[in-house]
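Residue numbers (this note's numbering): 436 to 983.
Here is the structure we will look at, set down as structure tokens.
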Amino acid sequence: MNLATLAFRRAREERADSARPELSPQILLLLLAAYWSLWANRPVLGMLYQQSGALTVLAGALLLTLIHYLLVAPFLMAAWTRLLLAVLSVVAVLGSYFTQSLGTVLDPAMLRNLLHTHWGEARELLTPGLLWHGLIGLVPPLLLLALVRVRSRPWGWRALLLPLGAWVLALLAALALLLPLFQPVSSLTRNNKALRYQILPAAPLWSLPRSIYQDLREKTQVREPIGLDAKPGPSWVDAPKPRVLVWVVGETVRAANWGRQTLPDGSERISTPKTLADAELLQFPVMQTCGTDTESSLPCMFAPVGRRDYDEGRIRRQQSLLHVLQRAGVQLDWRDAQSGCKGVCQDLPFQKLDCGELCDQQLFAGLEAYLRDVKGGTHLLVLHMLGNHGPSYFRRHGPEHAVFQPGCERDDFGPCTREQIRNSYDNALHASDALLAQALQTLRAEANRLDVAFLFTPDHGESLGEKGLYLHGMPYAIAPREQTEVPALMWLSEGWRAQRGWGADCLRRLPQQAQPQHDHLFHTVLNLLDVRTGLYDPAWDLLKPCAS
């Protein structure tokens with residue numbers, strides 16, 4: 436290619452480029468901020484409309500536009516304006532899919548969950564609904580960014596003064612708008628505290644750095660030891676057999692759908708027939724959770740003080756119940772079909788299963804071999820289930836458990852009705868019920884050789900369309916009961932009960948006497964395994980009433 440051809444091409448490209456309209460970074464930002472307000476913030480504007488009408492919605496959209504302008508404008512430079520605005524548009528549009536279709540709140544806890552989501556779960560979120568929503572929503576902003584030129588100014592006082600003046604004018608305009616909007620906006624945010632975490636793209640940009648900082652801090656800090664005085668209790672000396680506690684940590688099991696439930700049409704359904712029919716199981720219909728997502732609830736379940744005196748920083752910087760038990764001599768194993776133990780089992784034996792959609796079957800399949808290898812001592816095996824993790828409930832069970840029809844056979848709910856979603860959720864419960872019953876059968880088969888016990892405690896519940904919410908992860912202070920109430924199960928072999936002096940009649944009365952919370956777990960398990968430590972608080976021990 437000769438120089439004349441190159442010069443001709445360059446001239447043609449320059450003519451084509453000069454034919455495109457030119458906008459300053461500030462004007463381009465203002466246009467896109469207006470688009471984000473109207474497209475991505477429909478839940479916020481919808482709430483304003485319900486409360487105060489159309490005029491307030493218009494003022495609210497303008498205020499959101501100005502707020503995003505004020506937040507982003509200081510970072511604008513002609514060289515990276517196009518890239519920055521494209522990234523923010525992607526965040527706003529994709530985030531809006533979850534806030535609009537599932538009621539998701541993009542607070543630091545939710546972003547932390549997102550960071551720790553493994554590929555199997557993340558892949559299920561890449562649905563046709565998300566891709567279609569993203570395609571429609573991203574065409575206008577990306578097309579605008581492609582068709583315009585970004586005006587650059589030479590360095591000088593004008594290059595600084597004009598953007599600064601525009602920013603000050605935007606600030607004054609936002610304050611002027613806020614005065615008449617203060618009453619409806621303050622009322623709205625007071626009654627819907629999570630709404631500020633649905634403002635896009637601002638919410639995830641605020642939450643993500645906080646989540647990353649928390650992660651980095653936890654990875655570099657050494658956990659503070661607790662329960663240094665832990666020691667085995669008297670029953671360890673007299674134990675005639677090895678002891679094994681199997682603690683199943685369920686995932687996303689709400690109390691409202693466990694066992695016998697009444698449907699909206701008045702009919703009755705039993706989603707967990709096998710465990711419900713087990714007369715020896717201690718069944719706690721409702722246990723209050725410590726959190727609404729695995730990331731916050733799991734560490735809290737294994738902490739000496741949970742929700743009643745909640746301090747997330749303290750929980751995350753200290754060791755857990757498992758470390759206290761190990762210090763006393765309990766032999767520990769954690770097997771995981773989920774996204775890890777969230778620091779609970781740090782530096783302890785841990786096995787992550789690499790399996791597919793029906794991962795729980797593989798998780799429970801190794802129980803018989805585990806029990807067969809137990810020769811002596813006191814053991815705790817924790818099985819962390821994949822359970823009912825949504826929205827792909829239909830992937831959590833095989834065809835033999837598709838007993839409630841019609842179900843929702845989609846990853847994104849899409850056109851599924853609430854009845855179909857509920858059916859698929861209950862089918863997943865039906866599958867979990869079968870696995871738990873199988874585990875109990877395996878434990879009972881070893882009861883002649885071992886003293887065995889079983890505990891099932893889900894980490895949080897799930898919303899299935901109530902109040903327009905789906906899935907989980909709402910801030911705890913405003914979370915609906917569907918996300919904070921779970922069932923719990925306990926079973927002790929006859930040998931375990933006799934060795935500890937716990938009468939069967941007393942144990943059977945416990946579910947009627949207690950109002951269990953996750954806060955009870957730390958102290959109940961200490962008593963169950965007879966580990967003595969000053970951390971033990973008998974007031975939070977569910978088994979205390981049956982002490983001999």
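We treat Cβ as the ideally placed atom computed from N, Cα and C, and that holds for glycine.
The structure presented is a predicted model; accordingly, all values stated were derived computationally and were not measured.
Can you check the region 790-822 for any alpha helix (DSSP H) of at least 4 residues that lies completely inside it and give the ranges in chain order? Runs of the alpha helix (DSSP H) inside the region 790-822: 794-800 and 802-808.
Report yes if the C-beta distance between Leu956 and Leu978 is below 8 Å; otherwise report no. Position 521 of the sequence shown, counted from the first residue, corresponds to residue 956. Position 543 of the sequence shown, counted from the first residue, corresponds to residue 978. Pairing Leu956 with Leu978 gives a Cβ-Cβ distance that is not under 8 Å.
Would you say Leu614 touches the ligand MN, meaning its beta carbon is less than 7 Å from a heavy atom? Summarising the ligand content, the structure contains no ligands, and the ligand MN is consequently not present.
So who's on the other strand from Met925, going by DSSP bridges? The residue given as residue 925 occupies position 490 in the sequence shown. According to DSSP, Met925 bridges with Leu717 and Leu890.
What does Trp975 pair with, by DSSP beta-bridge criteria? The residue labelled residue 975 in the question sits at position 540 within the sequence shown. Residue pairing for Trp975: DSSP places it in no beta bridge.
Please give me, in chain order, every unbroken run of the alpha helix (DSSP H) with length at least 4 that falls completely inside the region 851-919. Entirely contained in the region 851-919, the alpha helix (DSSP H) runs reaching 4 residues are, in chain order, 853-880 and 916-919.
Selected residue, minimal CA-CA separation from Pro988, among Ser670, His819, Arg935 and Gln840: One cannot answer for residue 988 here, as it falls past the ends of the chain, which runs 436 to 983.
For Gln753, which three-state DSSP category applies? In the sequence shown, counting from the first residue as 1, residue 753 sits at position 318. DSSP places Gln753 in the strand class (E or B) of the three-state scheme.
Select from Leu783, Arg944, Asp771 and Gly530 the residue whose C-alpha is nearest the C-alpha of Gly564. One-based indexing of the sequence shown puts residue 564 at position 129. Closest option to Gly564, judged by alpha-carbon separation, among Leu783, Arg944, Asp771 and Gly530: Gly530.
Is the beta carbon of Arg658 less than 8 Å from the beta carbon of Gln781? For the purposes of this step, residue 658 is taken as residue 223 along the sequence shown, with counting starting at 1. For the purposes of this step, residue 781 is taken as residue 346 along the sequence shown, with counting starting at 1. Yes. Within cutoff.
Touching by the beta-carbon criterion (3+ pairs, under 8 Å), the region 860-871 and the region 825-838: Short answer: they touch.
For a minimum of 3 consecutive residues, which ranges assigned as the beta strand (DSSP E) are wholly contained in the region 671-723? Counting only runs of at least 3 residues, the region 671-723 fully encloses the following beta strand (DSSP E) elements, listed from N- to C-terminal order: 678-684, 695-697, 703-705 and 717-723.
Go through the region 554-589 residue by residue and report every complete run of the alpha helix (DSSP H) that reaches 4 residues or more, in order. Listed in chain order, they are 554-560 and 563-582.
Under 7 Å Cβ to Cβ from Gln873, same chain only, skipping five residues before and after it: list those, please. Reading the sequence shown from its first residue, position 438 is the one you call residue 873. Excluding positions up to five away in sequence, the list reads Phe799.
What is the DSSP secondary structure of Glu844, counted as helix, strand or coil? As a first step, residue 844 must be located in the sequence shown, where it is residue number 409. Reduced to three states, the DSSP call for Glu844 is coil.
Counted within 10 angstroms of its Cβ, other Cβ atoms place Ala451 as buried (16 or more) or exposed: What you label residue 451 is simply residue 16 of the sequence shown in a count that begins at 1. With a pLDDT of only 48 at Ala451, under 50, the local geometry of the prediction cannot be trusted, and the value read off the model is given with reservation. Around the Cβ of Ala451, a 10 Å sphere holds fewer than 16 other Cβ atoms; the residue is exposed.
Would you be able to state if there are at least three C-beta pairs under 8 Å between the region 903-911 and the region 542-551? With a cut-off of 8 Å on Cβ pairs, the region 542-551 is in contact with the region 903-911, counting three or more such pairs.
Apart from the five residues on each side of it in sequence, which residues of its chain come closer than 6 Å, Cβ to Cβ, to Arg967? Within the sequence shown, residue 967 is the residue found at index 532, counting from 1. Residues of the same chain with a CB within less than 6 Å of the CB of Arg967, apart from the 5 flanking positions on each side, are Lys666 and Gly668 in chain order.
Between the Cα of Ala882 and those of Cys851, Glu897 and Glu929, spot the shortest distance and give me the residue it belongs to. As a working note, residue 882 is residue 447 in the sequence shown. That would be Glu929, whose Cα lies nearest to the Cα of Ala882.
Helix, strand or coil at Phe785 [DSSP, three-state]: If you number the sequence shown from 1, residue 785 lands on position 350. Looking at Phe785 - three-state DSSP - the assignment turns out to be strand.
Kindly indicate which three-state DSSP category Lys654 falls into: helix, strand or coil? On the sequence shown, position 219 is the one that residue 654 refers to. Lys654 falls in the helix class under three-state DSSP.
Does the Cβ-Cβ distance between Tyr470 and Val540 come in under 8 Å? For the purposes of this step, residue 470 is taken as residue 35 along the sequence shown, with counting starting at 1. For the purposes of this step, residue 540 is taken as residue 105 along the sequence shown, with counting starting at 1. No, they are not a contact pair.
Do Thr707 and Gln918 have their C-beta atoms within less than 8 Å of each other? Against the sequence shown, residue 707 aligns to sequence position 272. Against the sequence shown, residue 918 aligns to sequence position 483. No, the Cβ-Cβ distance between Thr707 and Gln918 is not below 8 Å.
Alpha-carbon spacing of Leu582 relative to Thr516, whole angstroms: Walking along the sequence shown from the start, residue 582 turns up at place 147. Walking along the sequence shown from the start, residue 516 turns up at place 81. Computed Cα separation, rounded: 14 Å.
So what does DSSP say about Leu956, is it helix, strand or coil? As a working mapping, residue 956 is identified with position 521 in the sequence shown. In the three-state scheme derived from DSSP, where H, G and I count as helix and E and B as strand, Leu956 is classed as helix.
Once you ignore the five residues that flank Ala381 on each side, which residues in its own chain have a CB closer than 7 Å to its CB? Nothing in the structure corresponds to residue 381, since the chain is present only between 436 and 983.
Is Leu630 closer than 8 Å to Met482 when the C-beta atoms are compared? Position 47 of the sequence shown holds residue 482. Position 195 of the sequence shown holds residue 630. The Cβ-Cβ distance between Met482 and Leu630 falls below 8 Å.
Relative to the C-alpha of Leu989, which residue among Glu559, Thr534 and Leu467 is closest? Residue coverage of the chain in this structure runs from 436 to 983, which leaves residue 989 outside it and unanswerable.
Looking only at C-alpha atoms, which of Ala914, Pro980, His824 and Leu942 sits nearest to Gly685? Position 250 of the sequence shown, counting from 1, holds the residue named residue 685. Gly685 has its Cα closest to that of His824, out of Ala914, Pro980, His824 and Leu942.
State yes or no: is the C-beta of Glu803 within less than 8 Å of the C-beta of Thr852? The count along the sequence shown starts at 1 and reaches residue 803 at position 368. The count along the sequence shown starts at 1 and reaches residue 852 at position 417. No, Cβ-Cβ distance for Glu803 and Thr852 is not below 8 Å.
Sorted by chain position, which residues of the same chain lie with C-beta nearer than 8 Å to Pro478's C-beta, five sequence neighbours on each side aside? Stepping through the sequence shown from its first residue, residue 478 is reached at position 43. Same-chain partners within the cutoff: Thr534, Gln535, Gly538, Leu630 and Gln633.
By alpha-carbon positions, which one of Ala869, Glu653, Gln773 and Pro739 ends up nearest to Leu711? Counting from 1 along the sequence shown, the entry for residue 711 is found at position 276. When only C-alpha atoms are compared, the closest one is Ala869.
Using the beta-carbon count (16 or more within 10 Å), is Leu612 buried or exposed? Within the sequence shown, residue 612 is the residue found at index 177, counting from 1. Looking at its Cβ environment, which holds 16 or more other Cβ atoms inside 10 Å, Leu612 is buried.
Buried or exposed: where does Tyr648 fall if 16 or more other Cβ atoms within 10 Å of its Cβ makes it buried? Within the sequence shown, numbered from 1, the residue matching residue 648 stands at position 213. If you draw a 10 Å sphere on the C-beta of Tyr648, you find fewer than 16 other C-beta atoms in it, and that means exposed.
Opposing strand residues paired with Glu457 [DSSP bridges]: Here residue 457 is taken as the residue at index 22 of the sequence shown, counted from 1. DSSP links Glu457 through a beta bridge to Arg584.
Using only CA atoms, which one of Ser670, Gly569, Leu490 and Pro699 lies nearest to Ala982? Mapped onto the sequence shown, residue 982 falls at position 547. For Ala982, the nearest C-alpha among the options comes from Ser670.
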